[in-house]
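Written out below as structure tokens is the structure these notes cover.
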Amino acid sequence: MVLPLLKLGTLALKTLSKPLGNRLKKQAALHPRFRQFIINVAQMNHRMSTQMQRRIYSHATDVEIRPLDEEKAVQAAVDLIGEVFVFTVAGAVVIFEVQRSARSEARKEEVRRQEIEALRQRDESLVAEMELLKHKLVELEQAAKGRGLGGILNFKHANSESGNSAKPA
């Protein structure tokens, strides 16, 4: 599910970056300072990428790198800016998704914490109720002892009768 959406999103971003590139080309033709700026960016990018390729392929790195002509430099700069735009938007989408996922996990963790707290409170109330029942049992035993041996026998007899009558129902 995620892979098709990712491909669709990438295609949409590339499609949106094309008008941006065309707009940059028009601006480069109208504004000489902007044109010179993007040409300088393209020439710097060309020098860095050529040097990296030479190092990777173990070619001579001290050979002079010929600069691109102006039209190729403008085209390369526009392509570079378009790619930077695509990667920036994609990076922003990834960051947004990570933050959304983190918020979702935080909400789930809060719900789990509340459930654990509710269980802890229930456990404490059951312990308190069990202690109360223990105290009542001790009181009943003491009351039975106060009556003597006959009181204990009557107490057990009454308890077993009430237990027998409760079971069939």
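Residue 1265 is where the sequence shown starts when you use my numbering, and the numbers rise one by one after that.
Ideal Cβ placement from N, Cα and C applies to all residues, glycine included.
Residue i versus residue j: straight-line alpha-carbon distance, rounded
i     : j     : result
T1352 : A1392 : 59 Å
R1297 : A1356 : 30 Å
A1292 : L1332 : 16 Å
L1390 : L1396 : 10 Å
D1387 : Q1378 : 14 Å
V1358 : E1369 : 16 Å
S1322 : A1337 : 26 Å
A1324 : M1316 : 11 Å
G1427 : R1367 : Annotation note: pLDDT 49 at G1427 (below 50); position unreliable, coordinate value reported separately. Roughly 54 Å between the two C-alpha positions.
D1343 : L1383 : 60 Å
Cut-off 7 Å between Cβ atoms - residues of its own chain near residue i, not counting five sequence neighbours on either side
i     : result
A1430 : Model confidence at A1430 stands at a pLDDT of 47, short of 50, so the residue's coordinates are unreliable and nothing is read from them.
Span of the alpha helix (DSSP H), counted from its first residue to its last, around residue i
i     : result
A1337 : 1334–1411
T1325 : Element bounds for T1325: n/a, residue is neither H nor E.
H1295 : From DSSP, H1295 is part of no alpha helix (DSSP H); its letter is neither H nor E.
Cut-off 6 Å between Cβ atoms - residues of its own chain near residue i, not counting five sequence neighbours on either side
i     : result
A1340 : A1306
V1375 : none
Can you find at least 3 beta carbon pairs, one from the stretch 1276–1283 and one from the stretch 1292–1311, that sit closer than 8 Å? no
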